[in-house]
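Participant: The structure under discussion is supplied below as structure tokens; questions concerning it will follow.
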Amino acid sequence: MKIRFLVLLLIIASCNNPKSQKQVVDTLIANPNSRSVSVSNTQKLLKEIMGTGEGLLRGVKLGDPISEVKKKETLELFEEEPTYVGYTFDSESLETVDILYMKDSKQTVSGIQLDIYMNNNSSNDSLKVALSNLFTTKYGKPLDNDGEIVWKIKPSGQVSIKTVQSKIDRGLEVKFSKSSKVL
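Taking my numbering as reference, the numbering of the sequence shown is continuous, increasing by one, and the terminal residue is 471.
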């Protein structure tokens, strides 16, 4: 949205000078997708999602008390249920990220689920690649488990990424959990 507004301003400003207008159009033709902007937006969104870089996500790891998560988490609380507490935020591009911290009977984090809703397939693919690269750097080579990419987190956890796409929505589902299968 900001890019379109900036382009519109540039075109309006250049209308008085035919040479400037041609330069603006040439620039738009040479770089129609503004890839550098989308890469930058992907990295910014990744940083917003991951937080401090400590723990598994946003300074939280499996086994942390839910009360500590509530103290650490700076996002908007949107839901609290007996089995999870949910936080949400919207990116500058109006993409939505919901983070669910799963609770066990001891009121500790038993899992973390991210539901990420993206605006288009390109931004969805870019974020999936960025997350995959981050997890591969942190946890090693992933395994493909029926379309779901899974990394083993030592000693007994795992993180997975699954692409979700319907006629209306597209996004990613990222899950941090205790290992349920031998990887």
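Even for Gly, the Cβ is constructed at its ideal location relative to N, Cα and C.
No experiment lies behind these values; they were computed from the predicted model shown.
Comparing C-alpha positions only, which one of Leu422, Thr451, Val462, Thr362 sits nearest to Asp413?
Facilitator: As a first step, residue 413 is located in the sequence shown; it is residue number 125 there, counting from the start. For the residues Leu422, Thr451, Val462, Thr362, the minimum Cα distance to Asp413 belongs to Thr451.
Participant: In the DSSP assignment, find the alpha helix (DSSP H) that holds Leu415 and state where it starts and stops.
Facilitator: As a first step, residue 415 must be located in the sequence shown, where it is residue number 127. Taken as a continuous stretch (DSSP letters only), the alpha helix (DSSP H) holding Leu415 covers 409 to 427.
Participant: Does the beta-carbon of Ser454 have 16 or more other beta-carbons within 10 angstroms, so that it is buried, or is it exposed?
Facilitator: As a position in the sequence shown, residue 454 is number 166, starting the count at 1. So Ser454 counts as exposed.
Participant: Beta strand (DSSP E) containing Val348: first to last residue?
Facilitator: Locating residue 348 in the sequence shown gives position 60, counting from the first residue. Segment: none, Val348 is in no beta strand (DSSP E) and carries neither H nor E.
Participant: Between which two residues does the alpha helix (DSSP H) carrying Glu380 extend?
Facilitator: On the sequence shown, position 92 is the one that residue 380 refers to. It is not in any alpha helix (DSSP H) - Glu380 carries neither H nor E in the DSSP assignment.
Participant: Give every residue of the same chain whose Cβ lies closer than 8 Å to the Cβ of Lys416, excluding the five residues on either side of it in the sequence, and list them in chain order.
Facilitator: On the sequence shown, residue 416 is found 128 positions in, with the first residue counted as 1. Within the same chain, Lys416 has close Cβ partners Ile449, Thr451, Leu460.
Participant: Helix, strand or coil for Thr451 per DSSP?
Facilitator: Residue 451 sits at position 163 when you count from the first residue of the sequence shown. Strand.
Participant: In terms of residue numbering, what span does the alpha helix (DSSP H) encompassing Glu356 cover?
Facilitator: As a working mapping, residue 356 is identified with position 68 in the sequence shown. Glu356 -> alpha helix (DSSP H) spans 354 to 360.
Participant: Following the continuous beta strand (DSSP E) through Ser398, name the residue where it begins and the one where it ends.
Facilitator: As a position in the sequence shown, residue 398 is number 110, starting the count at 1. It spans 397 to 405 - the beta strand (DSSP E) in which Ser398 sits, taken as one unbroken run.
Participant: On the three-state DSSP scale, how would you describe Lys394?
Facilitator: As a first step, residue 394 is located in the sequence shown; it is residue number 106 there, counting from the start. DSSP places Lys394 in coil when its eight states are reduced to three.
Participant: Would Ser355 be called buried (16 or more neighbouring beta carbons within 10 Å of its own) or exposed?
Facilitator: Position 67 of the sequence shown, counted from the first residue, corresponds to residue 355. The residue is exposed, with fewer than 16 neighbouring Cβ atoms inside 10 Å.
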